[in-house]
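Data first, discussion second: the structure below is written as structure tokens.
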Amino acid sequence: MVYVEYALSSPHRPERAFDRLTRWEDHSVPFTRIRRTPEGFTARTGLGPLAFDDPMVIARWEPGRRVELIKRGRVVRGWAVIEVAPDGEGSRVVWREELGVPGMPGVLLRGPSRWMVRHLVRRLVG
46 MVYVEYALSS
56 PHRPERAFDR
66 LTRWEDHSVP
76 FTRIRRTPEG
86 FTARTGLGPL
96 AFDDPMVIAR
106 WEPGRRVELI
116 KRGRVVRGWA
126 VIEVAPDGEG
136 SRVVWREELG
146 VPGMPGVLLR
156 GPSRWMVRHL
166 VRRLVG
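Position one of the sequence shown corresponds to residue 46 (this note's numbering), numbered consecutively onward.
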């Protein structure tokens, strides 16, 4: 398992930042599509038949403040917590995540995971 934490001061007010961070369809990365489910959402990554699903369950929802996700996939497992708090005219965003891929050493996940979280948060609310 790899732990990633990223914090950012955003110019967006907390409600706006939270809305942008929880618009799951905007979380897509290359070769990944997001689909909402009754429990949360599923990210499908791959090309054609070479793909896997990464289902995520919303375990806790505090509108405008905090969301907790549990990754329940066979390929990607773990959790994520996204928190938003007032910070002057904008907000402070903290994204914490722990994830693992069975059989893959954490050292191989650490760099790409950090980059993806940092890139996603900056793109959505930076």
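All residues carry an ideal CB built from backbone N, CA and C; glycine is no exception.
query                                                                                                                                                                        : result
On a Cα-Cα basis, can you pick out the residue from G145, A130 and E134 that is closest to R119?                                                                             : G145
Return helix, strand or coil for P75, following the three-state DSSP convention.                                                                                             : coil
Could you pull out every residue in the same chain whose Cβ sits closer than 8 Å to the Cβ of V166, ignoring the five residues on either side in sequence?                   : Y51, L53, L66, V138 and W140
Answer yes if the stretch 150 to 164 comes into contact with the stretch 78 to 94, meaning at least three C-beta pairs across the two stretches below 8 Å, and no otherwise. : no
Quick one: what does DSSP say G151 is sitting in, helix, strand or coil?                                                                                                     : helix
H57: buried (16+ other C-beta within 10 angstroms of its C-beta) or exposed?                                                                                                 : buried
How about G109 and E70: are their beta carbons less than 9 Å apart?                                                                                                          : no
Please identify the residue among P100, A130 and G156 whose C-alpha is closest to the C-alpha of P83.                                                                        : P100
Are the beta-carbon atoms belonging to V47 and L154 less than 9 Å from one another?                                                                                          : yes
Quick one: is T82 near chain C, going by C-beta distance under 9 Å?                                                                                                          : Protein chain content of the structure displayed is limited to a single chain, and chain C is not contained in it.
So, under 8 Å CB-CB, G123 and E107 are touching, yes? Tell me the CB distance rounded to an integer number of Å.                                                             : About 20 Å; that fails the 8 Å criterion.
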